[in-house]
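Accompanying notes for the structure given below.
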Amino acid sequence: MLDLKGLCAGYGQMKVLHGIDLTIEQGEIVALLGSNGAGKSTLNNNVSGIFQPTAGQILFEGQDITGLPPENVVDLGIVQVPEGRRIFPNMSIRENLELGSYRRGKPRRAENIDKVVDVFPRLEERFSQLAGTLSGGEQQMLAIGRAMMSEPRLLILDEPSLGLSPLLVEEMFSLIQRLNKQGLAIFLVEQNVMQSLEIADRAYVMENGSIVLLGEAAELIDDPDLKKSYLGL
Amino acid sequence: MEFLGFSLPSYGWSTVLGSAISGVFLGSIYALVALGLTLIYGVLHIINFAHGALLMLAMYAVYFLWSGYGIDPYLAMLIVVPGGFFFGYGLQRLVIGKASHGKDEIILLVTLGIAIVIENLSLFLFSASERSVLVPYDLDGIDLGVTYAVYPELAALGGSFLITLALWIFMTYTDTGKAIRAVAKERQGARLMGINVDHIFAVTFGIGVACVAAAASLLVPTYAVHPQVGSLFVLIAFTVVVLGGMGSFVGALVGGFLIGVTEQLGRLYLGESLGVITISVIFILVLLFRPTGLFGAKSG
Ligand SMILES: Nc1ncnc2c1ncn2[C@@H]1O[C@H](COP(=O)(O)OP(=O)(O)OP(=O)(O)O)[C@@H](O)[C@H]1O
Ligand SMILES: [Mg+2]
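In the order they appear, the protein sequences are chains B and Z.
Straight run, no breaks: the first sequence in the numbering used here ends on number 1048.
Straight run, no breaks: the second sequence in the numbering used here ends on number 382.
Right, here's the structure in full:
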């Protein structure tokens, strides 16, 4: 579905990504693990068209989408829930959801709002409340709900568990699993290694802008290198 | 009555009330000009120094539509408002956005540069002389008891009200209006939802200029056009925006009326030339004691 081939990217003179090869197949959960500053968000934002790669290719279902502007990436159904949520704080929950379908899924806006509310009943109670007044966990739900409004085909989640209580993290991961069961391909960017590997099909580990480890999630869980570098075992 | 040692003339309440009412009419146009300014500030986070020059340009457009084609200044709104929108859209998309490379301090200089270019070009093309539109109804009006309101004054109030209402409906209920509000506070989040931020910036700038064009139509029947006319209004509009709170819609409206009334009462008590100073005094007082304005968010 998504293919990155030798993707290089950075900010001005600073190189961040050094030739990333990565694939996501239909129906998969693929995890990207890596510590702070590894370049995970940089990768996401290059896929989403916020930044332009300096070299390499991004293919979506065989089509070259390298350098496409963000709105056209969304048109194709690649939708990102960014790190830090980036909801619209000055607008109501309802308006945030509506703007999720600014570009895609507009004809089914009302139905999709109902669907999102089924998944996140807590949002409905606060429909006309300003999004900026929501708790961190509620904001994360809204950010995911907003992305669902665009009927994504590939959902990119950038550290969805960041800042959530352990209980909410559990809830978040089981939600991701549920969305995936409905056929949605998910690219899960996380620092929460063990929980991510438990729900992912495959995973990549990134260090300093390069992929240093990849494989089936079930096998990576027992990988001694991974244990050493991330769990201190 | 005394004020800072000057003895002020004393007037009957009906004179004062009449003056205040004419301040409301004037203030409605200030509010309209300020609305465009505050919208552009709220979304693009820049102060549009070309705002006054664009008002002047729109006033000339209304004037020439009248003198050249006999089009009534109010009817001209149907031409100058869409024209102003597209002009503003193009100006932001093709000039300001491109020249500034996303750096706010450069945008400031670019809008200042545009103002200078427009003003000097107008001076060259139209000469410094004042031009006035003569409408047959400019002295007709309605007797309000305490004062006599001429039709152009009533049109200014009614027109500003309708345009503000239309803008509010647009911002509240349309996807583009919502996208404008989203971009104002969260550009990155907007981009990721597929909102083209450059387009939204240009639409916002276009709406700002359209407000100015509407104000021009409402002004021309009672106000002479000359190349410097914009600078007076833009100073007032800045004061309104600072008074109301930068980026605040309601603030622009309330501020517009407050300034209009203050200015008219200032003229009544202090005379034509000294009366205008009251605006500058308010400007400085607000900056000193309430820099966020009446409705502005507390800056963090
Ligand atoms: N907008 C930007 N401009 C300049 N440099 C940036 C920008 N965003 C990130 N960087 C730099 O790029 C490098 C990679 O950052 P990135 O945000 O991609 O890391 P990350 O893996 O997402 O980290 P985290 O887990 O902390 O979110 C860092 O050195 C960071 O300082
Ligand atoms: Mg990151």
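All C-beta atoms, glycine included, are put in the ideal place defined by N, C-alpha and C.
Values in this document were obtained by computation on a predicted structure and should not be read as measured data.
Measuring straight from C-alpha to C-alpha, what distance separates residue i and residue j?
i: alanine 853(B); j: asparagine 1023(B); result: 5 Å
i: leucine 979(B); j: glutamate 939(B); result: 20 Å
i: phenylalanine 903(B); j: glycine 124(Z); result: 14 Å
i: isoleucine 359(Z); j: leucine 376(Z); result: 20 Å
i: valine 265(Z); j: arginine 175(Z); result: 16 Å
i: serine 299(Z); j: alanine 870(B); result: 53 Å
i: leucine 1003(B); j: arginine 919(B); result: 22 Å
i: isoleucine 880(B); j: glycine 172(Z); result: 28 Å
i: leucine 249(Z); j: threonine 120(Z); result: 13 Å
i: glutamine 944(B); j: glutamate 953(B); result: 12 Å
i: serine 96(Z); j: methionine 964(B); result: 59 Å
i: asparagine 130(Z); j: serine 976(B); result: 41 Å
i: leucine 1035(B); j: glutamine 992(B); result: 19 Å
i: valine 363(Z); j: asparagine 887(B); result: 51 Å
i: glycine 179(Z); j: valine 199(Z); result: 17 Å
i: valine 144(Z); j: valine 215(Z); result: 9 Å
i: glutamine 895(B); j: threonine 344(Z); result: 51 Å
i: leucine 858(B); j: leucine 832(B); result: 7 Å
i: serine 149(Z); j: arginine 213(Z); result: 10 Å
i: phenylalanine 208(Z); j: proline 155(Z); result: 19 Å
i: glycine 290(Z); j: arginine 961(B); result: 29 Å
i: valine 294(Z); j: cysteine 823(B); result: 47 Å
i: aspartate 818(B); j: aspartate 836(B); result: 7 Å
i: phenylalanine 315(Z); j: histidine 308(Z); result: 12 Å
i: serine 381(Z); j: arginine 372(Z); result: With a pLDDT of 42 at serine 381(Z), under the threshold of 50, the modelled position of that residue is not reliable, and the figure given next carries that caveat. C-alpha separation (whole angstroms): 11 Å.
i: glycine 94(Z); j: glycine 333(Z); result: 31 Å
i: serine 211(Z); j: leucine 244(Z); result: 33 Å
i: glycine 288(Z); j: histidine 133(Z); result: 11 Å
i: leucine 1048(B); j: glycine 327(Z); result: Because leucine 1048(B) sits at a pLDDT of 47, beneath the cut-off of 50, its placement in the model cannot be relied upon, and the following sentence gives the value as read from the coordinates. The alpha-carbon atoms of leucine 1048(B) and glycine 327(Z) are separated by roughly 57 Å.
i: alanine 197(Z); j: aspartate 186(Z); result: 17 Å
i: glycine 882(B); j: leucine 914(B); result: 24 Å
i: alanine 44(Z); j: leucine 236(Z); result: Examination of residue 44(Z) is not possible in this model, given that chain Z is present from 83 through 382 alone.
i: leucine 957(B); j: asparagine 911(B); result: 8 Å
i: leucine 99(Z); j: valine 106(Z); result: 11 Å
i: asparagine 927(B); j: isoleucine 844(B); result: 23 Å
i: glutamate 1031(B); j: isoleucine 971(B); result: 19 Å
i: leucine 226(Z); j: tyrosine 142(Z); result: 32 Å
i: alanine 319(Z); j: alanine 113(Z); result: 8 Å
i: proline 922(B); j: serine 313(Z); result: 47 Å
Which residues of chain B have a Cβ atom closer than 8 Å to the Cβ of residue i, listed in chain order?
i: glycine 259(Z); result: Going along chain B, no residue has its Cβ under 8 Å from glycine 259(Z), so there is no contact; the nearest lies around 10 Å.
So with CB distances below 9 Å, who are the chain Z contacts of residue i?
i: asparagine 905(B); result: Arg263, Ala264, Ala266, Lys267, Glu268
i: glycine 915(B); result: Met275
For residue i, go through chain Z and note every residue whose CB falls closer than 7 Å to its CB, in chain order.
i: tyrosine 774(B); result: Lying outside 816 to 1048, the shown extent of chain B, residue 774(B) is not represented and no answer is given.
i: glutamate 910(B); result: Lys260
List, in order along the chain, the chain Z residues whose C-beta lies closer than 8 Å to that of residue i?
i: leucine 897(B); result: As written in the sequence, residue 897(B) is proline, which differs from the leucine given in the question. Within 8 Å Cβ-Cβ: Gln270, Gly271, Leu274.
i: glutamate 939(B); result: Going along chain Z, no residue has its Cβ under 8 Å from glutamate 939(B), so there is no contact; the nearest lies around 19 Å.
i: arginine 919(B); result: Gly276
i: isoleucine 902(B); result: Glu268, Gly271
Give, in chain order, every unbroken run of the alpha helix (DSSP H) that is at least 4 residues long and sits entirely within the stretch 919-957 of chain B.
924-934, 936-940
Ignoring anything shorter than 3 residues or poking outside the stretch 181-265 of chain Z, list the beta strand (DSSP E) runs there in chain order.
With a minimum length of 3 residues, the continuous beta strand (DSSP E) runs that stay inside the stretch 181-265 of chain Z are 223-225, 230-232.
Under a criterion of Cβ closer than 5 Å to any non-hydrogen atom of ligand 1, which residues qualify, in chain order?
Chain-ordered list of matching residues: Tyr826(B), Val831(B), Asn851(B), Gly852(B), Ala853(B), Gly854(B), Lys855(B), Ser856(B), Thr857(B).
Could you name each continuous alpha helix (DSSP H) segment of 4 residues or more that falls completely within the stretch 280-341 of chain Z, going from the start of the chain to the end?
311-326
Members of the stretch 228-257 of chain Z near chain B, C-beta cut-off 7 Å:
Asp257
Where the stretch 861-892 of chain B meets chain Z: residues whose CB sits under 9 Å from a CB there:
Those residues of the stretch 861-892 of chain B that come within reach of chain Z (Cβ to Cβ, closer than 9 Å) are Ser863, Gly864, Ile865, Pro884, Pro885, Glu886, Asn887, Val888, Val889, Asp890.
Could you name the residues of the stretch 948-967 of chain B whose beta carbon sits closer than 9 Å to any beta carbon of chain Z, in the order they occur along the chain?
Ala958, Arg961, Ala962, Met964, Ser965
Runs of 3 residues minimum, wholly inside the stretch 841-911 of chain B: which ones carry the beta strand (DSSP E) assignment?
At a cut-off of 3 residues, the continuous stretches assigned as beta strand (DSSP E) that sit fully inside the stretch 841-911 of chain B are 844-848, 870-875, 893-896.
Sequence ranges, beta strand (DSSP E) only - wholly within the stretch 819-843 of chain B, length at least 3
829-839
Alpha helix (DSSP H) runs contained entirely in the stretch 102-182 of chain Z, provided each spans 4 or more residues
The stretch 102-182 of chain Z contains these whole alpha helix (DSSP H) runs: 133-151, 159-172, 179-182.
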